[in-house]
Amino acid sequence: MRGHVHLFLSAPPRHTPAKLVNIIKSISRNEILYEFLHLSGRCCSRKLWTDGYSIASR
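Quick note: the sequence shown uses my numbering, first residue 31, plus one each step.
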């Protein structure tokens, strides 16, 4: 798998895993595009992350 990210998180149970992933993807996308404005025109329709994700819990 090319260019993937591993995160280990601890979060309160009031947040669903899907909601946490969406928050992380949204904030990181905005920060990355802001930091690298010169690349924003090269990114396919400004979509940085794929739609999928994998979650494991214990």
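The C-beta atom is built at its ideal place from N, Cα and C for all residues, glycine as well.
- Measuring C-alpha to C-alpha distances from His-34 to each of Ser-87, Ala-86, Gly-82 identifies Gly-82 as the nearest.
- Leu-67 sits in a helix when the DSSP states are folded into three classes.
- Per the coordinates, the alpha-carbon of Leu-78 lies some 6 Å from the alpha-carbon of Arg-59.
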